DNA sequence: AAGCGTTATGCATAGCCGTATATAACGCAT
DNA sequence: ATGCGTTATATACGGCTATGCATAACGCTT
């Protein structure tokens, strides 16, 4: 099965792609960078640096962080963050829809692949 | 300025993306992997391994190679290869078109960026 | 005051990716 | 036969990326 993925670039760095979008959503759901990182099986260091990069790339932070306090602190996706996610997801959906009719034909050119338990869910 | 890029994945490896598509076109135009690599400023090793990967992923080779002979040999993009390129380009165009109206709004969320002489042409 | 889990940061390390370099084989041209 | 530029392949190296581990600060809870 073939899937299309889109990423939105500024220059040649990724402003928002599948990874960052998923991370944002995980932060929104879990309430912290640390737990989001655990869920996504990436190091806290990496998750933190991705957040850092996103916050730096956008006009205002997508994620607001707090160290200390109830539960040790946490992170919150800002309204701008939610806006960015939503826009990304709609673009992703529209791109997929636009390409959908072509996908089967393209996939037919590919060798049958063994399924990957990691991405099949 | 923001640009969308799509790549077509099988599992989590790239079957065809911007890089491989450009390489295929460069091979088609120059007639060899070596010259295509030079044009794209990548090592012959890398270009060769990308061709290798593509040939392995598709039902039949996208590139046919010959060592020795007039001009030392060369590489030719097969009909299947041209087919794959064309399909990729149409999907790319359709995805871009589908997303175009959303791009401005998204870009407005980003900080103004310094231009990159490498990608601006 | 002590504990907790988080954010934040440094550093050392392993892995991967791509480059660079060298070498061989190939097959046509001269 | 020699030369040429290509394909093909091995090896070594540098760089980047991500991880892992350690540590500190933070601020609420108890």
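Residue numbers (my numbering), protein chains in the order written: chain A, 101 to 221; chain B, 101 to 221.
Ideal placement from N, C-alpha and C gives every residue a C-beta, glycine not left out.
Quick caveat: nothing in here was measured; it's all calculated off a predicted structure.
- In the structure shown, the three-state DSSP call for residue 173/A is strand.
- The beta carbon of residue 136/A sits closer than 7 Å to the beta carbons of 123, 126, 127, 130 and 147 from its chain, once the five residues preceding and following it are set aside; these are given in chain order.
- Assignment of residue 159/B by DSSP, reduced to helix, strand and coil, places it in the coil class.
- Residue 108/B sits close to residue 104/A, with the two beta carbons spaced by under 8 Å.
- Contact of residue 163/B with chain A is not assigned, every C-beta pair being separated by 8 Å or more.
- Counting other Cβ atoms within 10 Å of its Cβ, residue 200/A stays below 16 and is therefore classed as exposed.
- Around residue 164/A, the same chain offers 176 and 178 as residues with beta carbons nearer than 6 Å, after the five sequence neighbours per side are excluded.
- Exposed is the label assigned to residue 112/A, since fewer than 16 other Cβ atoms lie within 10 Å of its Cβ.
- Taking the beta carbon of residue 179/A as reference, no residue of chain B falls within 8 Å; the closest one sits roughly 11 Å away.
- Excluding residues up to 5 positions away in sequence, 155 and 178 lie with their Cβ nearer than 7 Å to the Cβ of residue 161/A in the same chain.
- Under the three-state reduction of DSSP, residue 178/A is assigned to coil, being neither helix nor strand.
- Excluding sequence positions up to five before and after residue 170/A, its CB lies less than 6 Å from no other CB in the same chain.
- Residues of the region 167-193 of chain B whose Cβ lies closer than 8 Å to any Cβ of chain A, in chain order: 180, 183, 184, 187, 188, 190 and 191.
- Taken through DSSP and simplified to helix, strand or coil, residue 139/B comes out as helix.
- In this structure, the straight-line span from the alpha carbon of residue 202/B to that of residue 197/A is close to 15 Å.
- In this structure residue 183/A does not touch residue 210/B by the C-beta definition: roughly 12 Å separates them, more than the 8 Å allowed.
- At a beta-carbon threshold of 7 Å, the residues of chain A lying near residue 199/B are 191, 194 and 195, ordered along the chain.
- When the five nearest sequence neighbours on each side are left out, the beta carbons in the same chain lying within less than 7 Å of the beta carbon of residue 115/B are those of 108, 109 and 157, in order along the chain.
- Among the bridge pairs identified by DSSP, residue 104/A is matched with 108/B.
- From the beta-carbon of residue 127/A, no residue of chain B is found nearer than 9 Å; the closest lies around 17 Å away.
- The residue from 206/A, 195/A, 134/A and 185/A with its alpha-carbon nearest to that of residue 187/B is 206/A.
- Here residue 141/A is exposed, its C-beta having fewer than 16 other C-beta atoms within 10 Å.
- For residue 102/A, the CB contacts under 8 Å within the same chain, skipping 5 residues up- and downstream, are 203, 206, 207 and 210 in chain order.
- For residue 213/B, the chain A residues whose C-beta falls within less than 7 Å of its own C-beta are 110 and 111, listed in chain order.
- Relative to residue 213/B, the option among 106/A, 159/A and 213/A whose CA is nearest is 159/A.
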